[in-house]
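Undergrad: Residues -16 to -1, 1 to 241 in mature numbering (1 follows the signal peptide of the UniProt record, and there is no 0) are what the sequence shown lists, from first letter to last. Beta carbons: idealized from backbone N, C-alpha and C, even for Gly. Just so we're clear, the structure is a prediction, and the values are computed from it rather than from any experiment. Below you will find the structure I want to go over with you.
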Amino acid sequence: MIFIIICILFFQQLQNDRVLAAIANVSADLELIRVNHNMPGLSALAFKNGSIVAQGASGYRRLGNPTPLLVTDRINLGSNSKWMTATVAGRLVDQNAFRNATLEQFLAHRSGVQQSTTFYSRYYDALLAQKGTFCQIRYWVTETVLKDVPEVQPGEFLYANQGYAVAAAMMEQITGRDWESLVQEHVFTALQMTSATIGVVYDDIIPPKTPVGHDLAPNKTIPVPRPLPSSIFLRNDQAATGPAGYIACTMQDWVKF
């Protein structure tokens, strides 16, 4: 019996090695692109017919520190998180959870809800002062932006993260569950995205454990590491705009989506 188990494990490892060998390593190609465009780090993955055919990484997790960027690092997906929130909405619509209501304008940035720069210029301090659960903060965001006059005519395009907070609040009211558990069930678990999490994955630790976001220095083309905001802002902003941009995972899991 022990011999059989050892043989099975051996052949599984052999199969895994063959799969890895069949995946092209494009790290050297990415390094040329990274250097030419003055980027801190660059990673990429390509898949065909449901299988990964190429992947690679070059550069660093944080500019100024030698810790290399890895192809298996978890990365913040930013606004690609919106796709996953929209997928949850679609699943709920398919289950007839919504009746006589529409999410489309909020998910398509055509609701008239104010853009993020407007929201933060008006309500930044009020956002930091909010207490309670993520659901309660999202409900406050929803009430706040819907009381304001639309920034553009409904039906006209205006990119607005807060529209996704409204959509998430609608889903929470209908299901009695928070957006976090809904995206976990309908996306992460359904697709076996085991590395997927909600929240900022980077911090100010040196050496960095995960890739750090970078911004351009004022009036320059030099990327500088993005400082970690205050814990109060991170918590409340994650509640307010998590459905629009706070999901993180590895590229290997992202490709499943």
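Might you give, ordered along the chain, the residues of its own chain that have their beta carbon closer than 6 Å to the beta carbon of proline 134, omitting 5 neighbours on each side?
TA: Closer than 6 Å at Cβ, skipping near neighbours: Gly96.
Undergrad: Just the Cα atoms here: how many angstroms apart are histidine 93 and proline 191?
TA: The alpha-carbon atoms of histidine 93 and proline 191 are separated by roughly 39 Å.
Undergrad: Check this for me: beta carbons of residue 261 and alanine 70, under 8 Å apart or not?
TA: Since the displayed the chain opens at -16 and closes at 241, residue 261 lies outside it and no answer follows.
Undergrad: Leaving out five residues on either side along the sequence, give the residues of the same chain with a beta carbon under 7 Å from the beta carbon of aspartate 132.
TA: Excluding positions up to five away in sequence, the list reads Gln98.
Undergrad: Does DSSP classify serine 63 as helix, strand or coil?
TA: Looking at serine 63 - three-state DSSP - the assignment turns out to be helix.
Undergrad: Going residue by residue through the region 92 to 129, where are the continuous alpha helix (DSSP H) segments of at least 4 residues, counting only ones entirely within it?
TA: Within the region 92 to 129, the complete alpha helix (DSSP H) runs of at least 4 residues are 100 to 113.
Undergrad: Using a threshold of 8 Å, state whether the C-beta atoms of alanine 8 and valine 55 are closer than that.
TA: Going by C-beta atoms, alanine 8 is not nearer than 8 Å to valine 55.
Undergrad: Within a Cβ cutoff of 8 Å, which residues of the same chain sit near glutamine 222, ignoring the five residues on either side of it in sequence?
TA: The residues are Phe118, Ile182, Gly183, Val184 and Tyr230.
Undergrad: Quick check: the Cα distance between serine 215 and tyrosine 186, rounded to an integer number of angstroms?
TA: Computed Cα separation, rounded: 13 Å.
Undergrad: Are the region 105 to 115 and the region 154 to 173 touching by the rule of at least three beta carbon pairs closer than 8 Å?
TA: Flag = no, the region 105 to 115 and the region 154 to 173 do not touch.
Undergrad: Does DSSP put glutamine 222 in a helix, a strand or coil?
TA: It is helical.
Undergrad: For aspartate 188, which residues in the same chain have their Cβ closer than 8 Å to its Cβ, ignoring the five residues on either side in sequence?
TA: Cβ neighbours of aspartate 188 beyond the five flanking positions: Pro211 and Leu212.
Undergrad: Using a Cβ-Cβ cutoff of less than 7 Å, which residues in the same chain neighbour methionine 155 once the five nearest sequence positions on both sides are dropped?
TA: Answer for methionine 155: Val72, Ala73, Leu76, Trp163 and Leu166, listed in chain order.
Undergrad: Does the beta-carbon of asparagine 60 have 16 or more other beta-carbons within 10 angstroms, so that it is buried, or is it exposed?
TA: The residue is buried, with at least 16 neighbouring Cβ atoms inside 10 Å.
Undergrad: Can you tell me which of Gly62, Gly25, Leu87 and Gly43 puts its alpha carbon nearest to the alpha carbon of cysteine 233?
TA: It is Gly62.
Undergrad: Starting from the Cα of lysine 115, find the closest Cα among Pro209, Gln236 and Asn220 and give me that residue.
TA: It is Asn220 whose Cα lies nearest to the Cα of lysine 115.
Undergrad: Taking the DSSP output, what are the residues bridged to phenylalanine 31?
TA: Bridge partners of phenylalanine 31: Ile36.
Undergrad: Tell me whether alanine 151 sits in a helix, a strand or coil according to DSSP, three-state version.
TA: Three-state DSSP puts alanine 151 in a helix.
Undergrad: Can the beta-carbon of alanine 149 be found less than 8 Å from the beta-carbon of proline 227?
TA: A contact, by the Cβ cut-off of 8 Å.
Undergrad: For isoleucine 206, which option in Gln39, Ser42, Gly48 and Gly40 has the closest C-alpha, if you only look at C-alpha atoms?
TA: Closest by alpha carbon: Gly48.
Undergrad: In its own chain, which residues sit with a C-beta less than 6 Å from the C-beta of glycine 43, not counting the 5 before and 5 after it?
TA: Correct list, in chain order: Arg18, Pro24, Gly25, Leu26 and Leu53.
Undergrad: Per DSSP, what kind of secondary structure is serine 214 in: helix, strand or coil?
TA: Looking at serine 214 - three-state DSSP - the assignment turns out to be coil, as it is neither helix nor strand.
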